[in-house]
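What follows is a set of notes on a single structure, which appears directly below.
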Amino acid sequence: MDADLRQKIYEYIEKKGLRKTVQREAIIQAAFSTVEHYTAEELIAMAQRIEPSVSRATVYRTLPLLVESGQLREIDLGKDHKTYDPNFVNRPHHNHLICTDCQKVVEFEDHYMETLEDCISKRLGFSPTSKSVRIEATCDKLKKFGACENKHG
44 MDADLRQKIY EYIEKKGLRK TVQREAIIQA AFSTVEHYTA EELIAMAQRI EPSVSRATVY
104 RTLPLLVESG QLREIDLGKD HKTYDPNFVN RPHHNHLICT DCQKVVEFED HYMETLEDCI
164 SKRLGFSPTS KSVRIEATCD KLKKFGACEN KHG
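Per this note's numbering, the sequence shown runs over residues 44 to 196.
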């Protein structure tokens, strides 16, 4: 995990009047030791592999701090739970394509999308402060070959 990222998180936590704990450190380490998206429940399991004493309650209290600090992004992938994306610090302009057949999530960046978003916002009289693009699509491999390596069941 990047030392600068860890420092920013702990500065924010200290500003909130909270202290550094072994459990919180394990959660932070788990949250940023992957480039994969995860749910709170998945983060609990990842953090408990680092520090078995991590509780569900501590994870659910720490996640909003990570989001508020600007180091973690909560995203909507069209499911009935919150998903967290640790990749926005290094890639703040990426978007998500979700396969409706196999649920695979693909991150992508395209400078044309950024230009289009800015043009639309300006034309409608707004200045963008944040954005989220989620494209849902079907798998061409599944249509063409009847199978997709990512589809289970």
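The beta carbon of each residue, even a glycine, is placed where N, CA and C say it ideally should be.
From a predicted model like this one, the values you see are computed outputs, not experimental measurements.
Quick one: residues in its chain with C-beta nearer than 6 Å to the C-beta of Val-78, no 5 flanking neighbours on either side, listed in chain order? Asn-130
Asp-128 versus Leu-109, Arg-62, Cys-142, residue with shortest Cα-Cα distance:
For Asp-128, the nearest C-alpha among the options comes from Leu-109.
Three-way DSSP call (helix, strand, coil) for Thr-126 in this model: strand
Would you check if there are 3 or more beta carbon pairs closer than 8 Å linking the region 51 to 70 to the region 103 to 123?
yes
### Task
Return the CA-CA distance between Ala-190 and Asp-183, expressed in angstroms with no decimal places.
10 Å
Find out if the Cβ-Cβ distance for the pair Ile-118, Ile-178 is shorter than 9 Å. It is not a contact, given that the beta carbons lie outside the stated cut-off.
Confirm, please, whether the CB-CB distance from Thr-126 to Thr-82 is below 9 Å.
yes
**Q.** Ala-46, DSSP secondary structure in three states
**A.** Collapsing the DSSP output to three states places Ala-46 in a helix.
Who are the near neighbours of Gly-196 in its chain, counting only those whose CB is closer than 6 Å to its CB and skipping five residues on each side? Only weak support is given to the placement of Gly-196: the predicted model assigns it a pLDDT of 49, under 50, and the value that follows is read from those uncertain coordinates. Cβ neighbours of Gly-196 beyond the five flanking positions: none.
Let me know the secondary structure DSSP gives Glu-94 once reduced to three states.
coil
query = Secondary structure at Leu-108, three-state DSSP: helix, strand or coil?
reply = helix
Among Lys-122, Gln-146, Glu-157, Cys-145, which one has its Cα closest to the Cα of Asn-138?
Glu-157
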